[in-house]
Amino acid sequence: MFDKQYRFKGRHAVRVDQLTSAFDAESKAQLFGRNIDVYTNAPLIGFLYGRTAETDDTKNPETNQVYNQNVMGDRVIYSQEELMFNFRLIMLLDKQYEPDEDKRIDKAFRHMGEDPKDEERFDSYVRGGVDVLYEKLIEGASEPDDYINKLYEFVEEFQDRFNSEISSDDIMQLCIKK
Amino acid sequence: MLLQSIKLENFRQFRNESIDFADGNNGKNVTIIIGENGTGKTTFAQAFFWCLYGETEFSDKNMLNKVVASELRPGQEAKVQVVLKLKHGDVDYTLIREQIYRKDSSNRIKPDNTVFDIAKKDASGNTSYIKKSACESEVKGILPKELSRYFFFDGERIEKMSKDISNGKKAADFADAVKGLLGLNGMYSAIQHFNPRVRSSVISNYESSYNSQSNAKIKEYTDTINRCNAEIEQIDARIEELDSEIETATVRKSDKVKELKQYEEGEKLQEEKEKLQRKIAAAEKSKANVYKLMSKDFNGNLSSFFSISLIQRALELLSEKDFAGKDIPYMHAKTIEYLLKQKVCLCGTHLDEGTIPYAKVKELIDFLPPQSISTTIGDFKKESKRRAVDKKDLYGQLADHMAVISQQDDDLTDLRDDLAIVEGKLSGGDVRDKVRAINHEIQVCDQTIAKDRSERDRKIAEKARKESERDRADTERRNLTLLDETNKKIEIYKTYAERIYKELLVEYSTSEEKIRTRLQTTINDIFKQIYNGGLYLEIDEKYHISVYVTDYEGDVETSTAQSISVIFAFITGIIKMARDNRNSTDEDTKLLSSEPYPLVMDAPLSAFDKRRIKTVCEALPETAEQVIIFIKDTDGELAEDYMGDKIGSRHHFDKKNEFETTLV
Chain S
268 MFDKQYRFKG
278 RHAVRVDQLT
288 SAFDAESKAQ
298 LFGRNIDVYT
308 NAPLIGFLYG
318 RTAETDDTKN
328 PETNQVYNQN
338 VMGDRVIYSQ
348 EELMFNFRLI
358 MLLDKQYEPD
368 EDKRIDKAFR
378 HMGEDPKDEE
388 RFDSYVRGGV
398 DVLYEKLIEG
408 ASEPDDYINK
418 LYEFVEEFQD
428 RFNSEISSDD
438 IMQLCIKK
Chain X
262 MLLQSIKLEN
272 FRQFRNESID
282 FADGNNGKNV
292 TIIIGENGTG
302 KTTFAQAFFW
312 CLYGETEFSD
322 KNMLNKVVAS
332 ELRPGQEAKV
342 QVVLKLKHGD
352 VDYTLIREQI
362 YRKDSSNRIK
372 PDNTVFDIAK
382 KDASGNTSYI
392 KKSACESEVK
402 GILPKELSRY
412 FFFDGERIEK
422 MSKDISNGKK
432 AADFADAVKG
442 LLGLNGMYSA
452 IQHFNPRVRS
462 SVISNYESSY
472 NSQSNAKIKE
482 YTDTINRCNA
492 EIEQIDARIE
502 ELDSEIETAT
512 VRKSDKVKEL
522 KQYEEGEKLQ
532 EEKEKLQRKI
542 AAAEKSKANV
552 YKLMSKDFNG
562 NLSSFFSISL
572 IQRALELLSE
582 KDFAGKDIPY
592 MHAKTIEYLL
602 KQKVCLCGTH
612 LDEGTIPYAK
622 VKELIDFLPP
632 QSISTTIGDF
642 KKESKRRAVD
652 KKDLYGQLAD
662 HMAVISQQDD
672 DLTDLRDDLA
682 IVEGKLSGGD
692 VRDKVRAINH
702 EIQVCDQTIA
712 KDRSERDRKI
722 AEKARKESER
732 DRADTERRNL
742 TLLDETNKKI
752 EIYKTYAERI
762 YKELLVEYST
772 SEEKIRTRLQ
782 TTINDIFKQI
792 YNGGLYLEID
802 EKYHISVYVT
812 DYEGDVETST
822 AQSISVIFAF
832 ITGIIKMARD
842 NRNSTDEDTK
852 LLSSEPYPLV
862 MDAPLSAFDK
872 RRIKTVCEAL
882 PETAEQVIIF
892 IKDTDGELAE
902 DYMGDKIGSR
912 HHFDKKNEFE
922 TTLV
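Sequence lines, in order, name chains S and X.
Just remember that the numbering used here sits 267 ahead of the position in the first sequence, which is counted from 1.
Just remember that the numbering used here sits 261 ahead of the position in the second sequence, which is counted from 1.
Below, the structure written as structure tokens:
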């Protein structure tokens, strides 16, 4: 698992391209530095926003090929631990996918990645997350100011919605608990 | 000319209305007609124009009352009529203008040409009718259209006239008006009657009646004189052209010099503009740097920021479970596999497939490495801890950056506003180009002026040569004509005529100058009366008017009320002088008198404040023989207060609807 190249396809490929392009010509600033950054974080966002998506096969009218964005294999392997961690988080918490708590724990740890459906579930959150990121960060923006404002609004919203009650201390406490 | 009455029939919103005007009987010479805006004051005033000249200033040239028009059936016709009665000299005139409107089969209203009739009753009571063909010229004799605007005028026109008068645009018109109204026209006609330059004049006639039979030379000299005169005329025309070109160029140059002065400041502005542009570029760059920082912070904190809430939830879930006790210390899954393969436990129990002991031992594999859950969970917690430690306040960081950006935006807005102001002053382009362009224009003006002046000098010299050539020929011819009896007689007559012409010219220019000076004094008196500020007027020989503030030096920019006062004083001044001349005991002055004229004014007081209205109201009936004022309700009350004992006739417009107004 997470040991080979990953492909974004169709509209998700287009959106990943937009998320990783420079939005300001002067500073060359990007929202996401690399495709792998989108790949590692999108599933968390997809899961948190409850968004999954099927693979898409929108074609580039010029080449008549399905749009495609690669995350190279070595990049994936390099980020394997992060990806596995994120995978475990989702498997542990996705009650909709698996209501039984012990089974979720097994999917996250004991039998991680054994069921191909688990990975498919994870991938659908990747795609859903890409859609959310596109809507939050790209859609409707044209000027650098727009992108920056959208980024700030998204981070602000995310902070309010998910992170406002979280503290590092609580997490440390939970970590040392036997 | 004094107005006696006017009667309107189907004229615009007036179905059948008439007014008698106060004409000075019992010392009452003011007629006041009060009506709110839109009741038809202006229409009524325009009726005078229509009757006299067949014209109005309405954009809709259809005079027929709209109700009458709509009641017409196809094929029917209706009449619009204005009857104006007036007294001019000793003669009573009745002027009738009519226009027939017909509705055609497609319901369109079409007017015929207007029909104009004049009946006049002379001092002895004889009534006669003017031939149709002579009516227009009869009106011209009473009040030429060019002069009418000095007597029938409304607020807007006053404003336009005062602008024209103060910038000298209509100076020539004013000059004509003054000459016409102050009785110089008769003398002017006499001058033209003698003017040797006019082909049919007395002197010209003598010129062409020499008998050249007696001496061939006479014809030659006459030809020379004629040729010289023709050439001199051409030269004069050219000089006049050149003068006007020089004047135009001079005015243009002075405008451009003024403009250039504004632009001198412009070079400074240009530098300021460039400085602002540099500042804006720098501010934009530093803003871009903040963008870069924001994106860097965001990317650096992605995994913690997006996962931290999930981590907490996951840890909470895991904390409810106890995985620790299930693990078997220091054993490996391989150990169990070995025992199962040997089919004997460490305690000696047989482990046969399918037996309970076999199943119990096999279950242990789940709690041993590599699948021992507590180890993986331990790793998971380690990563959780790392992310919790790494977790930075991304939102706070971005908020700080946003605060910086917001300040930068404010600065940029200020800078851009400043730039816009500077650019506005520079009207966009580079001011140095403008300055160059203006300088070029000034140069062109200078060249034109220099060129025209030198041509004018040449022309003047040429004219002098032509004049001496002509005079030589004239002397020679005189010598020859005296030899012939007929020619000698002509010569004597012509000399008389020339002398009369010269006298007339001198007399005219003295009279004209006197009138101008008196006009200036009269106007200043009136002007002071209605405008008691320290202001006075000056009229130069070309009838340019300058307004001066006595407290300060120089020409002042006149405010609307001020400039209206100027034109007001100008007109009442002319009328007053005409009146004074007529009433003078000095026979010479009486010669320069003209008819009295009425002042018909539409809303003349609107531009003035209350105090000024009082002074205007008091001045008006004193200066003009007859005053007819159309006025708004509010101004009307004031006017009635101030002119009460002068008001001989008073009317009020009652607007029934958009298409009908009656007089009460």
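Every residue, glycine too, gets a C-beta built ideally from N, C-alpha and C.
Model, not experiment: these values are computed from the prediction.
Straight-line gap, residue i to residue j (C-alpha atoms, nearest Å)
i	j	result
residue 314/X	residue 722/X	47 Å
residue 276/S	residue 354/S	20 Å
residue 518/X	residue 526/X	13 Å
residue 453/X	residue 387/X	34 Å
residue 275/X	residue 295/X	15 Å
residue 800/X	residue 733/X	40 Å
residue 378/S	residue 413/S	45 Å
residue 817/X	residue 826/X	Confidence in residue 817/X is poor, its pLDDT being 48 and thus under 50, which makes the residue's placement unreliable; the coordinate value appears in the next sentence. So the two alpha carbons sit approximately 14 Å from each other.
residue 351/X	residue 707/X	58 Å
residue 223/S	residue 607/X	Outside the displayed span of chain S (268 to 445) sits residue 223/S, for which this structure offers no information.
residue 658/X	residue 667/X	14 Å
residue 893/X	residue 916/X	13 Å
C-beta neighbour in chain S for residue i, strict 8 Å
i	result
residue 592/X	no
residue 538/X	no
residue 524/X	no
residue 650/X	yes
residue 319/X	no
residue 595/X	no
residue 676/X	no
residue 829/X	no
residue 600/X	no
residue 813/X	The predicted model places residue 813/X with a pLDDT of 47, which falls under 50 and marks its position as unreliable; any figure quoted below should be read in that light. Cβ-Cβ to chain S under 8 Å: no for residue 813/X.
residue 549/X	yes
residue 817/X	Because residue 817/X sits at a pLDDT of 48, beneath the cut-off of 50, its placement in the model cannot be relied upon, and the following sentence gives the value as read from the coordinates. So no, residue 817/X is outside the interface.
Supposed contact pair residue j and residue i - C-beta distance, whole angstroms, cut 8 Å
i	j	result
residue 534/X	residue 687/X	7 Å
residue 385/S	residue 351/S	About 12 Å separates the two Cβ atoms, so there is no contact after all.
residue 549/X	residue 293/S	4 Å
residue 360/S	residue 571/X	6 Å
residue 565/X	residue 652/X	4 Å
residue 359/X	residue 371/X	With a Cβ gap of about 15 Å, residue 359/X and residue 371/X do not count as contacting.
residue 922/X	residue 300/X	5 Å
residue 560/X	residue 429/S	Not really, about 19 Å apart at Cβ, beyond 8 Å.
residue 263/X	residue 309/X	The Cβ separation is near 13 Å, so there is no contact.
residue 611/X	residue 604/X	6 Å
residue 311/S	residue 567/X	4 Å
Chain X contact for residue i (CB, 8 Å cutoff)
i	result
residue 411/S	yes
residue 306/S	no
residue 302/S	no
residue 269/S	no
residue 372/S	yes
residue 388/S	no
residue 377/S	yes
residue 404/S	no
residue 400/S	no
Beta-carbon gap between residue i and residue j smaller than 8 Å
i	j	result
residue 930/X	residue 890/X	Because chain X here runs from 262 to 925, residue 930/X falls outside it and cannot be looked at.
residue 435/S	residue 575/X	no
residue 270/S	residue 332/S	no
residue 764/X	residue 482/X	no
residue 467/X	residue 758/X	yes
residue 500/X	residue 731/X	no
residue 397/S	residue 338/S	no
residue 530/X	residue 767/X	no
residue 787/X	residue 900/X	no
residue 553/X	residue 296/S	yes
residue 696/X	residue 521/X	yes
residue 626/X	residue 597/X	yes
For this session: Identify each residue in the region 407-438 of chain S for which the Cβ-Cβ distance to at least one residue of chain X is less than 7 Å, and report them in chain order.
Result: Contact annotation: in the region 407-438 of chain S, residues whose CB is within less than 7 Å of a CB in chain X are 411, 415, 418, 419, 422, 423, 426, 429, 430, 433, 435, 437, 438.
Which of the residues in the region 309-320 of chain S, read from start to end, lie with their CB under 8 Å from any CB of chain X? For the region 309-320 of chain S, the set of residues with a beta-carbon nearer than 8 Å to any beta-carbon of chain X comprises 311, 312, 314, 315, in chain order.
*asked:* At a CB distance below 8 Å, what residues from the region 324-358 of chain S approach chain X? Give them in sequence order.
replied: Of all residues in the region 324-358 of chain S, 348, 349, 352, 353, 355, 356, 357 have a Cβ within less than 8 Å of some Cβ in chain X.
| query | Listed from N- to C-terminal order along the chain, which residues in the region 290-301 of chain S have their beta-carbon within a distance smaller than 7 Å of any beta-carbon of chain X? | reply | Here the close residues are 291, 293, 294, 296, 297, 298, 299, 300.
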